[in-house]
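Plus 21 on top of the position in the sequence shown (first one is 1) and you've got my numbering.
In this text, a Cβ means the ideal position worked out from N, Cα and C, and glycines have one as well.
Contents: one structure, followed by commentary.
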Amino acid sequence: MTTPKRITKNNKHPRKFSSKSTHKSASKQSSSNQHPAREQKPKLEGPRKLIIFNKPFDVLPQFTDDQGRTTLKNYISYSGVYAAGRLDRDSEGLLILTNDGKLQAQLTQPKSKVAKIYFAQVEGIPDEAALAKFRQGLILNDGPTRPAGIEIVEQPEWLWQRNPPIRERKLIPTSWLKITLYEGRNRQVRRMTAHIGFPTLRLIRYQVGEYTLENIAIGKWKEIQSV
Numbered sequence: 022m023t024t025p026k027r028i029t030k031n032n033k034h035p036r037k038f039s040s041k042s043t044h045k046s047a048s049k050q051s052s053s054n055q056h057p058a059r060e061q062k063p064k065l066e067g068p069r070k071l072i073i074f075n076k077p078f079d080v081l082p083q084f085t086d087d088q089g090r091t092t093l094k095n096y097i098s099y100s101g102v103y104a105a106g107r108l109d110r111d112s113e114g115l116l117i118l119t120n121d122g123k124l125q126a127q128l129t130q131p132k133s134k135v136a137k138i139y140f141a142q143v144e145g146i147p148d149e150a151a152l153a154k155f156r157q158g159l160i161l162n163d164g165p166t167r168p169a170g171i172e173i174v175e176q177p178e179w180l181w182q183r184n185p186p187i188r189e190r191k192l193i194p195t196s197w198l199k200i201t202l203y204e205g206r207n208r209q210v211r212r213m214t215a216h217i218g219f220p221t222l223r224l225i226r227y228q229v230g231e232y233t234l235e236n237i238a239i240g241k242w243k244e245i246q247s248v
């Protein structure tokens, strides 16, 4: 997290504030408390590191947790690397970790337009009208999304068993979707499939840019040597 700036006092010449400026200061402080500072980009110290991790369900995408939940530390022995983009606790699949802030920004900033491929198991079977709506972009509560790729596919052959398994309703069929996004908002895939009427039951990120889960078992990781 970004270290808060220190506020120094000038004991020799104390400054007087009017009630108006005090009010402004209080408002600014209140605004700061509502919007905490974003996590700093990692600074490159020593050799560049790039880790590809296949994150299981119910694992936090961070190394520490004050509530004792399962984190990356339970799987990865490296230190000094940070996630390049989040992958929610209830999602699975590709998580990239690096100590290179420039690479992290390249993979996550919307202006880079890096393709991110997901496989989502949804409740119901979308028709072509719903898929076309998704492709064109949707209006979510945080604004319109960019056009995205989506198609109905078979369950991936490489898919592992989730623990615990998803809860399916016997009378409602499920289907698998291959989804390609060019941005990365909070829980975006889940919100987009829900918006067209097909809630996501299971979500796996398979690819970010040139990096994929190929030949990486669930809960395992590998280091990429040439970056």
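DSSP places residue 122 in the helix class (H, G or I) of the three-state scheme. Shown here, residue 152 sits in a helix according to DSSP, grouped into three states.
Between residue 184 and residue 74, the gap from beta carbon to beta carbon reaches 8 Å or more.
Assigned with DSSP and collapsed to three states, residue 166 falls in coil, not helix or strand. Cβ-Cβ distances below 6 Å link residue 161 to 212 in the same chain, with the five nearest sequence neighbours on each side left out; the list follows chain order. Secondary structure note for residue 215: it is in no beta strand (DSSP E), and the uninterrupted alpha helix (DSSP H) holding it is 209-216. If the five residues before and after residue 181 are omitted, its C-beta is found closer than 8 Å to the C-beta atoms of 238, 239, all from its own chain and listed in chain order.
Nearest C-alpha to residue 84 among 103, 236, 70, 71: 103. Put simply, of 189, 204, 122 the residue whose alpha carbon is nearest the alpha carbon of residue 132 is 204. Per the C-alpha coordinates, the member of 143, 100, 241 positioned closest to residue 189 is 143.
CA-to-CA, the gap between residue 98 and residue 192 works out to about 44 Å. Spatial neighbours of residue 118 in its own chain (CB-CB distance under 6 Å, excluding positions within 5 residues in sequence) are listed in chain order as 72, 102, 104. Beta bridge pairing from DSSP links residue 100 with no other residue. The beta-carbon distance between residue 199 and residue 229, rounded to whole angstroms, is 15 Å. This is too long to meet the 8 Å contact definition. Relative to the Cα of residue 231, the nearest Cα in the group 124, 194, 88 belongs to 124.
Residue 169 is a Cβ neighbour of residue 202, given a cutoff of 8 Å. Inclusion of residue 152 and residue 216 in the CB contact set at 8 Å is not warranted, their separation being larger than that value. By the Cβ-count criterion, residue 147 is buried, with 16 or more other Cβ atoms from all chains shown falling within 10 Å of its own Cβ. The three-state reading of DSSP puts residue 199 in strand, counting E and B together.
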